[in-house]
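The sequence shown: position 122 = 122 (the UniProt record's numbering), numbered continuously.
Here the structure is laid out as structure tokens; the discussion comes afterwards.
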Amino acid sequence: MLWVKAFHLVAVVCWFAALFYLPRLFVYHVDATDAVSRDRFCIMERRLYRGIAMPSMIATIALGIWLISYNWSYYKTAGWLHAKLFFVVLLIGYHHICGAYVRKFAAGTNTKSGRYFRVFNELPVIALIAIVILAVVRPF
1 MLWVKAFHLV AVVCWFAALF YLPRLFVYHV DATDAVSRDR FCIMERRLYR
51 GIAMPSMIAT IALGIWLISY NWSYYKTAGW LHAKLFFVVL LIGYHHICGA
101 YVRKFAAGTN TKSGRYFRVF NELPVIALIA IVILAVVRPF
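Here's what the structure looks like:
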């Protein structure tokens, strides 16, 4: 179980790294003024989303399910886990919204500002704080 937990944590760290960096790329992309830079950001965003964020999300979810399966009788009634999973579901939604922005930038149809993406970039921090507190403190 400790090996599964270790790899789960590695996957979570990689997923959050991608979710923190991808919206930052969106900020830079919005501010880019030349076609070469915009094309470069499209490539970076696509590679980050498909090559790191997506595999990390899948690994996080798969390994999390594996961890829960070790003691399902306890976890099915653990309120803290239900709350944590709520934030994980929100994070999965955020992940897919990022994917939609990657596609919009690639198609040249983004209408959001750099300021929007600066605020958007802070949302996974809230999820991270909640998830870590719920997993470590287990307040209920």
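Cβ atoms here follow ideal geometry from the backbone N, Cα and C, with glycine treated the same way.
Checklist entry - If you pair each beta-carbon of the region 56-73 with each one of the region 34-41, do three or more pairs fall below 8 Å? => result At 8 Å Cβ cutoff, the stretches do not touch.
Next on the checklist: On the CB-based measure, 16 or more other CB atoms within 10 Å of its CB, does T111 come out buried or exposed?
Outcome noted: Counting Cβ neighbours within 10 Å, T111 comes out exposed, since fewer than 16 surround it.
Checklist entry - Taking Cβ to Cβ, would you say residue 143 is nearer than 8 Å to C14? => result Outside the modelled stretch of the chain, which goes from 1 to 140, sits residue 143, for which no answer is possible.
Item to check | Cα-Cα separation between M44 and A107, rounded to whole angstroms | outcome: Straight-line Cα distance between these residues: approximately 15 Å.
Checklist entry - Straight-line CA distance for A83 to I92? => result If you draw a straight line from the Cα of A83 to the Cα of I92, it comes to about 14 Å.
Checklist entry - To the nearest angstrom, how far is it from the Cα of A18 to the Cα of A135? => result One C-alpha to the other measures close to 21 Å.
Item to check | Beta-carbon gap between L90 and A59 smaller than 8 Å | outcome: Taking 8 Å as the Cβ cut-off, L90 and A59 do not qualify as a contacting pair.
Item to check | Buried versus exposed call for V12 [16 or more other C-beta atoms within 10 Å across all chains shown] | outcome: Counting Cβ neighbours within 10 Å, V12 comes out buried, since at least 16 surround it.
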